[in-house]
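Visitor: Residue numbers (the working numbering): 573 to 778.
Sharing a structure here in structure tokens format.
Set out below in structure tokens:
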């Protein structure tokens, strides 16, 4: 039944392998051994899955390595279907409006001592194409940030890319129109903490 729904037995096996091992990369012959399917069938389905965007491919040691794309739009529901371990996704931004998610994470992030600015983007904001999901600015304790990001990842059901900048570095990079900062601010994003009103004044209702 599920083979018919998802196109082929090989594709189902590949989805099961990748979605149960996020962050793990495999080369083609390794995959064929793990799922016990013919190499031509595996290559064909890998190509199809790359076209869709559910997996990515990187080259190393003259081999192509494939892994699941955790930034794929439908990663969370697919993992819920194919994952052997039930996901503990308490609140997914994909089932809430951006404003509701901004409120939720804004309250949590604002409790970080020393935080002066926090911006949501990436997989946390619809329409954002940046690789960074959370940008934090201020003098914050690394262990506190790491713990909080683990909680966010548990909530979202996927890895979260975040960056922490000192206030001086952020303000300088903002003033010189640094590419990293500009990419975030010109795309879809949500400012959830801005204690100094650095961006709120110029960002308006974005």
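For each residue, glycine too, the CB sits at the ideal point set by N, CA and C.
Taking the straight line between their C-alpha atoms, what separation do you get for residue 737 and residue 596?
Guide: Looking up residue 737 in the chain shown gives position 165. Looking up residue 596 in the chain shown gives position 24. It is roughly 29 Å from the alpha-carbon of residue 737 to the alpha-carbon of residue 596.
Visitor: Any idea what DSSP makes of residue 619, helix, strand or coil?
Guide: Against the chain shown, residue 619 aligns to sequence position 47. Note: residue 619 maps to helix in three-state DSSP.
Visitor: Here's the rule: buried if 16 or more other CB atoms are within 10 angstroms of the residue's CB, otherwise exposed. What is residue 744?
Guide: Taking the chain shown and counting its residues from 1, the one referred to as residue 744 is at position 172. Per the 10 Å Cβ criterion, exposed.
Visitor: Less than 7 Å between C-beta atoms, sequence neighbours within five positions excluded: which residues of the same chain meet that for residue 643?
Guide: Locating residue 643 in the chain shown gives position 71, counting from the first residue. Correct list, in chain order: 695.
Visitor: Return the bridge partner residues of residue 710 from the DSSP annotation.
Guide: Reading the chain shown from its first residue, position 138 is the one you call residue 710. In the DSSP output, where bridge partners are listed per residue, residue 710 has 687.
Visitor: Rounding to the nearest angstrom, what Cα-Cα distance links residue 674 and residue 702 in this structure?
Guide: Here residue 674 refers to the residue found at position 102 when the chain shown is read from its first residue. Here residue 702 refers to the residue found at position 130 when the chain shown is read from its first residue. Approximately 17 Å, taken between the alpha carbons.
Visitor: Here's the rule: buried if 16 or more other CB atoms are within 10 angstroms of the residue's CB, otherwise exposed. What is residue 602?
Guide: Position 30 of the chain shown, counted from the start, is the residue given in the question as residue 602. That one is exposed.
Visitor: Below 8 Å, can you find three or more Cβ-Cβ pairs linking the region 576 to 595 to the region 615 to 624?
Guide: Touching, per the Cβ criterion.
Visitor: Anyone know if the C-beta pair for residue 767 and residue 688 falls short of 7 Å?
Guide: In the chain shown, the residue the question calls residue 767 occupies position 195. In the chain shown, the residue the question calls residue 688 occupies position 116. In this structure, residue 767 sits near residue 688, with a CB-CB distance shorter than 7 Å.
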